[in-house]
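Notes to accompany the following structure.
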Amino acid sequence: MTKTMSYYPGCSSQASAVHLDKSLRAAMSKLGVQLRDVEDWNCCGASVGHIEGGHLGMFALNGRNLAAAQAAGPEDVVTPCAACYLNTHYHNEKIRENEQIKAEVNEALAAGGKSYDGSLHVRHACEVIVNDIGIDKVKEAAVKPLTGLKVAGWVGCQTVRPFAKTERGGMFDTYDDPQFLDDFITACGADAVPFKGKTKCCGGSVSVMSPDKTLHLMKDILDEVKSSGAEVVVTPCPLCQTNLEMYQPQINAKFGTDFNFPVMFYSQLMAVAFGLDGDKDAGLNQHLIPPQPVIARAK
0 MTKTMSYYPG CSSQASAVHL DKSLRAAMSK LGVQLRDVED WNCCGASVGH IEGGHLGMFA
60 LNGRNLAAAQ AAGPEDVVTP CAACYLNTHY HNEKIRENEQ IKAEVNEALA AGGKSYDGSL
120 HVRHACEVIV NDIGIDKVKE AAVKPLTGLK VAGWVGCQTV RPFAKTERGG MFDTYDDPQF
180 LDDFITACGA DAVPFKGKTK CCGGSVSVMS PDKTLHLMKD ILDEVKSSGA EVVVTPCPLC
240 QTNLEMYQPQ INAKFGTDFN FPVMFYSQLM AVAFGLDGDK DAGLNQHLIP PQPVIARAK
(Lines of atoms letter the chains of each structure in order from A and count residues from 1; the text may use other names and numbers.)
(Lines give C-alpha, C1' and ligand atoms only; values in the text may rest on other atoms or scores of the structure.)
Protein backbone atom coordinates (compact mmCIF):
# COMPACT_ATOMS: atom_id res chain seq x y z
CA MET A 1 0.00 0.00 0.00
CA THR A 2 1.41 3.40 -1.03
CA LYS A 3 1.60 6.17 1.54
CA THR A 4 1.45 9.81 0.37
CA MET A 5 3.52 12.47 2.09
CA SER A 6 3.81 16.18 1.37
CA TYR A 7 7.23 16.97 -0.11
CA TYR A 8 9.19 20.19 0.16
CA PRO A 9 12.17 19.73 -2.23
CA GLY A 10 14.08 22.91 -1.39
CA CYS A 11 16.18 25.06 -3.71
CA SER A 12 19.22 22.77 -3.89
CA SER A 13 17.09 20.03 -5.42
CA GLN A 14 16.55 22.22 -8.48
CA ALA A 15 20.24 22.92 -9.09
CA SER A 16 23.31 21.46 -7.37
CA ALA A 17 21.43 18.51 -5.82
CA VAL A 18 19.15 17.41 -8.66
CA HIS A 19 20.54 13.90 -8.18
CA LEU A 20 19.39 13.90 -4.54
CA ASP A 21 15.85 14.82 -5.54
CA LYS A 22 15.74 12.35 -8.42
CA SER A 23 17.12 9.40 -6.47
CA LEU A 24 15.06 10.09 -3.35
CA ARG A 25 11.80 10.13 -5.33
CA ALA A 26 12.76 6.85 -7.01
CA ALA A 27 13.91 5.13 -3.81
CA MET A 28 10.91 6.28 -1.76
CA SER A 29 8.56 5.03 -4.45
CA LYS A 30 10.21 1.60 -4.18
CA LEU A 31 9.71 1.79 -0.41
CA GLY A 32 5.99 2.52 -0.77
CA VAL A 33 6.00 6.30 -0.24
CA GLN A 34 4.66 8.73 -2.83
CA LEU A 35 6.09 12.24 -2.45
CA ARG A 36 3.59 14.96 -3.42
CA ASP A 37 5.23 18.34 -4.03
CA VAL A 38 4.10 21.36 -2.04
CA GLU A 39 2.41 23.53 -4.63
CA ASP A 40 4.25 26.72 -5.66
CA TRP A 41 6.81 26.35 -2.86
CA ASN A 42 9.44 29.00 -2.16
CA CYS A 43 12.91 29.12 -0.61
CA CYS A 44 12.94 28.53 3.16
CA GLY A 45 15.44 31.37 3.61
CA ALA A 46 18.31 29.21 4.87
CA SER A 47 21.57 31.18 5.04
CA VAL A 48 20.72 34.36 3.12
CA GLY A 49 17.23 34.77 4.57
CA HIS A 50 18.73 35.75 7.92
CA ILE A 51 20.64 38.64 6.37
CA GLU A 52 17.82 40.79 5.01
CA GLY A 53 14.54 39.07 5.85
CA GLY A 54 14.38 39.77 9.56
CA HIS A 55 12.17 37.99 12.06
CA LEU A 56 8.86 38.19 10.22
CA GLY A 57 10.36 37.61 6.79
CA MET A 58 11.76 34.24 7.78
CA PHE A 59 8.51 33.19 9.41
CA ALA A 60 6.52 34.32 6.38
CA LEU A 61 8.70 32.35 3.97
CA ASN A 62 8.30 29.14 5.93
CA GLY A 63 4.69 29.84 6.85
CA ARG A 64 3.80 30.22 3.18
CA ASN A 65 5.20 26.76 2.37
CA LEU A 66 3.44 25.22 5.35
CA ALA A 67 0.16 26.91 4.41
CA ALA A 68 0.41 25.47 0.89
CA ALA A 69 1.15 22.01 2.29
CA GLN A 70 -1.78 22.22 4.70
CA ALA A 71 -4.15 23.28 1.92
CA ALA A 72 -3.30 20.06 0.06
CA GLY A 73 -3.84 17.74 3.01
CA PRO A 74 -2.88 16.86 6.59
CA GLU A 75 0.15 14.72 5.72
CA ASP A 76 3.54 15.31 7.32
CA VAL A 77 5.90 17.58 5.36
CA VAL A 78 9.08 15.79 4.28
CA THR A 79 12.25 17.52 3.10
CA PRO A 80 15.57 16.04 1.94
CA CYS A 81 17.77 19.03 2.80
CA ALA A 82 19.41 19.50 6.22
CA ALA A 83 19.15 23.29 6.07
CA CYS A 84 15.55 23.22 4.84
CA TYR A 85 14.67 20.74 7.56
CA LEU A 86 16.22 22.80 10.36
CA ASN A 87 14.76 26.05 9.10
CA THR A 88 11.24 24.81 8.39
CA HIS A 89 11.14 22.65 11.52
CA TYR A 90 12.25 25.54 13.75
CA HIS A 91 9.75 28.05 12.38
CA ASN A 92 6.94 25.51 12.44
CA GLU A 93 7.57 24.82 16.13
CA LYS A 94 7.57 28.52 16.97
CA ILE A 95 4.34 29.12 15.05
CA ARG A 96 2.71 26.24 16.92
CA GLU A 97 3.96 27.31 20.36
CA ASN A 98 3.61 31.09 20.20
CA GLU A 99 0.19 32.63 19.52
CA GLN A 100 1.65 36.09 18.85
CA ILE A 101 4.03 34.73 16.23
CA LYS A 102 1.19 32.72 14.68
CA ALA A 103 -0.94 35.86 14.47
CA GLU A 104 1.86 37.88 12.86
CA VAL A 105 2.59 35.14 10.34
CA ASN A 106 -1.07 34.78 9.39
CA GLU A 107 -1.43 38.52 9.00
CA ALA A 108 1.42 38.39 6.47
CA LEU A 109 0.04 35.27 4.77
CA ALA A 110 -3.39 36.86 4.44
CA ALA A 111 -1.96 39.26 1.86
CA GLY A 112 -1.59 36.24 -0.43
CA GLY A 113 -4.86 34.63 0.59
CA LYS A 114 -3.24 31.96 2.76
CA SER A 115 -3.32 30.91 6.41
CA TYR A 116 -1.62 28.32 8.58
CA ASP A 117 -2.63 26.92 11.97
CA GLY A 118 0.64 25.22 12.98
CA SER A 119 -0.73 21.66 12.94
CA LEU A 120 1.63 19.99 10.45
CA HIS A 121 4.76 18.05 11.32
CA VAL A 122 8.04 18.71 9.47
CA ARG A 123 10.36 15.75 9.03
CA HIS A 124 13.68 14.92 7.42
CA ALA A 125 13.46 12.22 4.76
CA CYS A 126 16.08 10.12 6.60
CA GLU A 127 14.00 10.15 9.76
CA VAL A 128 10.94 9.00 7.80
CA ILE A 129 12.93 6.05 6.46
CA VAL A 130 14.21 5.17 9.95
CA ASN A 131 10.98 5.54 11.92
CA ASP A 132 8.17 4.92 9.41
CA ILE A 133 9.58 2.61 6.77
CA GLY A 134 12.26 0.77 8.71
CA ILE A 135 15.76 -0.42 7.89
CA ASP A 136 14.49 -3.97 7.32
CA LYS A 137 12.38 -2.78 4.39
CA VAL A 138 15.39 -1.00 2.89
CA LYS A 139 17.34 -4.25 3.13
CA GLU A 140 14.44 -6.16 1.58
CA ALA A 141 14.32 -3.74 -1.36
CA ALA A 142 18.08 -4.05 -2.00
CA VAL A 143 17.84 -6.70 -4.73
CA LYS A 144 21.32 -5.79 -6.02
CA PRO A 145 23.34 -5.42 -2.81
CA LEU A 146 26.60 -3.49 -3.09
CA THR A 147 28.68 -6.22 -1.49
CA GLY A 148 32.24 -5.26 -0.68
CA LEU A 149 31.84 -1.53 -1.37
CA LYS A 150 33.57 0.41 1.42
CA VAL A 151 31.55 3.51 2.30
CA ALA A 152 32.20 6.39 4.71
CA GLY A 153 28.87 7.67 6.04
CA TRP A 154 29.23 11.43 6.50
CA VAL A 155 26.17 12.83 8.26
CA GLY A 156 27.51 16.39 8.51
CA CYS A 157 26.79 18.86 11.28
CA GLN A 158 23.14 19.79 10.71
CA THR A 159 20.94 16.79 10.03
CA VAL A 160 20.74 15.60 13.65
CA ARG A 161 21.64 18.89 15.36
CA PRO A 162 20.26 20.82 17.07
CA PHE A 163 16.89 19.12 16.60
CA ALA A 164 17.63 15.43 17.16
CA LYS A 165 14.18 15.09 18.72
CA THR A 166 11.37 14.91 16.20
CA GLU A 167 8.24 17.01 16.44
CA ARG A 168 6.36 13.90 17.51
CA GLY A 169 8.65 13.57 20.52
CA GLY A 170 10.72 10.55 19.46
CA MET A 171 14.44 10.51 18.82
CA PHE A 172 15.85 10.66 15.30
CA ASP A 173 19.42 9.82 16.32
CA THR A 174 22.20 10.92 18.65
CA TYR A 175 24.10 14.17 18.22
CA ASP A 176 27.65 12.90 18.51
CA ASP A 177 27.59 9.42 16.96
CA PRO A 178 24.53 8.99 14.71
CA GLN A 179 24.04 5.50 13.31
CA PHE A 180 21.22 5.88 10.78
CA LEU A 181 23.50 6.46 7.79
CA ASP A 182 25.67 3.45 8.63
CA ASP A 183 22.44 1.44 8.90
CA PHE A 184 21.37 2.62 5.41
CA ILE A 185 24.77 1.67 3.98
CA THR A 186 24.69 -1.79 5.57
CA ALA A 187 21.10 -2.37 4.42
CA CYS A 188 22.27 -1.71 0.86
CA GLY A 189 24.81 -4.51 1.25
CA ALA A 190 27.87 -2.25 1.44
CA ASP A 191 30.41 -1.98 4.25
CA ALA A 192 30.01 1.04 6.55
CA VAL A 193 33.62 1.69 7.53
CA PRO A 194 34.40 3.24 10.94
CA PHE A 195 34.60 6.96 10.16
CA LYS A 196 35.65 9.50 12.77
CA GLY A 197 34.61 12.51 10.70
CA LYS A 198 30.94 11.60 10.38
CA THR A 199 29.59 14.80 12.02
CA LYS A 200 32.31 17.26 11.00
CA CYS A 201 31.31 20.53 9.31
CA CYS A 202 32.29 21.27 5.71
CA GLY A 203 32.06 25.02 6.21
CA GLY A 204 28.53 25.28 4.85
CA SER A 205 27.64 28.28 2.73
CA VAL A 206 30.89 29.99 3.76
CA SER A 207 32.66 27.43 1.56
CA VAL A 208 30.71 28.68 -1.44
CA MET A 209 31.43 32.37 -0.74
CA SER A 210 34.99 32.13 0.65
CA PRO A 211 36.40 28.65 -0.04
CA ASP A 212 39.93 29.59 1.05
CA LYS A 213 38.61 30.00 4.60
CA THR A 214 37.18 26.49 4.75
CA LEU A 215 39.39 24.27 2.58
CA HIS A 216 41.19 23.05 5.69
CA LEU A 217 37.87 21.84 7.14
CA MET A 218 37.18 19.75 4.06
CA LYS A 219 40.77 18.49 3.95
CA ASP A 220 40.35 17.21 7.53
CA ILE A 221 37.25 15.29 6.47
CA LEU A 222 38.98 13.85 3.41
CA ASP A 223 41.97 12.83 5.54
CA GLU A 224 39.55 10.87 7.74
CA VAL A 225 37.96 9.29 4.66
CA LYS A 226 41.36 8.18 3.40
CA SER A 227 42.34 6.82 6.82
CA SER A 228 39.08 4.84 7.02
CA GLY A 229 39.83 2.90 3.84
CA ALA A 230 36.59 4.04 2.22
CA GLU A 231 36.19 4.09 -1.56
CA VAL A 232 33.25 6.47 -1.60
CA VAL A 233 31.59 9.01 0.71
CA VAL A 234 27.82 9.04 1.26
CA THR A 235 25.95 11.98 2.81
CA PRO A 236 22.36 13.22 3.26
CA CYS A 237 23.28 16.93 2.97
CA PRO A 238 23.19 18.82 -0.37
CA LEU A 239 25.76 21.41 0.67
CA CYS A 240 28.10 18.79 2.14
CA GLN A 241 27.95 16.82 -1.11
CA THR A 242 28.57 19.86 -3.30
CA ASN A 243 31.44 21.20 -1.22
CA LEU A 244 33.34 17.97 -0.71
CA GLU A 245 33.06 16.93 -4.35
CA MET A 246 33.63 20.31 -5.97
CA TYR A 247 36.62 21.45 -3.92
CA GLN A 248 38.80 18.33 -4.05
CA PRO A 249 40.92 19.74 -6.93
CA GLN A 250 41.49 22.99 -5.01
CA ILE A 251 42.35 21.07 -1.85
CA ASN A 252 44.83 18.93 -3.79
CA ALA A 253 46.45 22.03 -5.30
CA LYS A 254 46.69 23.83 -1.96
CA PHE A 255 47.86 20.95 0.25
CA GLY A 256 49.63 18.66 -2.21
CA THR A 257 47.14 15.83 -1.70
CA ASP A 258 45.67 13.46 -4.29
CA PHE A 259 42.06 13.06 -3.18
CA ASN A 260 39.60 11.78 -5.77
CA PHE A 261 36.72 10.37 -3.72
CA PRO A 262 33.23 10.17 -5.24
CA VAL A 263 30.68 11.83 -2.93
CA MET A 264 27.18 10.39 -3.25
CA PHE A 265 23.82 10.88 -1.61
CA TYR A 266 22.43 8.04 0.52
CA SER A 267 19.37 7.96 -1.74
CA GLN A 268 21.59 7.25 -4.76
CA LEU A 269 23.14 4.33 -2.94
CA MET A 270 19.67 2.99 -2.18
CA ALA A 271 18.43 3.51 -5.75
CA VAL A 272 21.38 1.55 -7.15
CA ALA A 273 20.98 -1.23 -4.57
CA PHE A 274 17.26 -1.34 -5.36
CA GLY A 275 18.14 -2.23 -8.96
CA LEU A 276 17.00 1.09 -10.43
CA ASP A 277 18.64 2.77 -13.43
CA GLY A 278 21.96 4.38 -12.48
CA ASP A 279 21.47 7.52 -14.55
CA LYS A 280 17.71 7.93 -15.00
CA ASP A 281 16.76 7.08 -11.42
CA ALA A 282 19.93 7.56 -9.37
CA GLY A 283 21.51 10.46 -11.28
CA LEU A 284 24.99 8.93 -11.23
CA ASN A 285 25.82 10.82 -14.43
CA GLN A 286 25.50 14.16 -12.64
CA HIS A 287 28.67 13.92 -10.57
CA LEU A 288 31.93 15.81 -11.02
CA ILE A 289 33.80 12.75 -9.71
CA PRO A 290 32.05 9.77 -11.30
CA PRO A 291 31.07 7.05 -8.79
CA GLN A 292 30.36 4.39 -11.45
CA PRO A 293 33.87 2.82 -11.50
CA VAL A 294 33.80 2.36 -7.72
CA ILE A 295 30.24 1.01 -7.71
CA ALA A 296 31.08 -1.39 -10.52
CA ARG A 297 33.64 -3.09 -8.25
CA ALA A 298 30.89 -4.13 -5.82
CA LYS A 299 30.17 -7.83 -6.15
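Counting with numbering that gives the first Met the number 0, you get residues 0 to 298 for the letters of the sequence shown.
Even glycine gets a Cβ: it sits at the ideal position worked out from N, Cα and C.
Predicted model, so just to flag it, every value in this text is computed and none were measured.
Taking 8 angstroms as the upper bound for CB-CB distance, G147 and D176 are not in contact here, some 25 angstroms apart. In this structure, L19 sits away from C83, with a CB-CB distance that is not shorter than 9 angstroms. Two segments are said to touch when three or more pairs of C-beta atoms, one from each, lie closer than 8 angstroms; by this definition the segment 63 to 73 touches the segment 111 to 128.
If you draw a 10 Å sphere on the C-beta of V142, you find fewer than 16 other C-beta atoms in it, and that means exposed. DSSP, read as helix, strand or coil, puts R296 in coil. For D36, the secondary structure class from DSSP, reduced to helix, strand or coil, is strand.
When DSSP states are grouped into helix, strand and coil, Y115 belongs to the coil group. In the structure shown, G152 falls within a strand segment according to DSSP collapsed to helix, strand and coil. Closest option to K2, judged by alpha-carbon separation, among V37, D75 and R63: D75. As the crow flies, the alpha-carbon of N259 is around 35 angstroms from that of N41. For H90, no beta strand (DSSP E) encloses it; the enclosing alpha helix (DSSP H) starts and ends at A81 to E96. Shown here, Y246 sits in coil according to DSSP, grouped into three states, outside any helix or strand. Assignment of beta-bridge partners to M208 by DSSP yields no partner.
Measuring C-alpha to C-alpha distances from I132 to each of A272, G31 and P193 identifies G31 as the nearest. Per DSSP, F179 is one residue of the alpha helix (DSSP H) stretching across F179 to A186. With distances taken between CA atoms, S12 lies nearest to F264 out of L268, F264, A295 and G62. Residue state for K2 is assigned as strand, using DSSP reduced to three classes. In this structure the segment 237 to 254 lies against the segment 210 to 219, because at least three pairs of beta carbons, one per stretch, are closer than 8 angstroms.
Nearest Cα to K298 within the set D211, T198 and L145: L145. Of the residues assessed, G111 falls on the exposed side of the cut-off, its CB having fewer than 16 other CB atoms within 10 angstroms. Distance check between S15 and each of A252, L243 and P210 places L243 closest, using alpha-carbon atoms only. At a Cβ-Cβ threshold of 9 angstroms, T78 and Y7 count as neighbours. Note that the segment 190 to 209 does not touch the segment 121 to 139; fewer than 3 beta-carbon pairs, one per stretch, sit closer than 8 angstroms.
Cβ-Cβ distances below 6 angstroms link V137 to A186 in the same chain, with the five nearest sequence neighbours on each side left out; the list follows chain order. Residue state for V159 is assigned as coil, using DSSP reduced to three classes.
Between Q240 and S206, the alpha-carbon positions lie close to 12 angstroms from each other. When the beta-carbon positions are compared, V271 and I294 come within less than 9 angstroms of each other.
The straight-line gap separating the alpha-carbon atoms of T234 and K195 is approximately 14 angstroms. Distances from the CA of A25 to each of A281, R296 and R95 were compared; the closest alpha carbon is that of A281.
Between E103 and L55 the beta-carbon gap is near 6 angstroms, inside 8 angstroms, which marks them as a contact. In terms of Cβ geometry, C125 and T87 do not form a close pair [threshold 9 angstroms].
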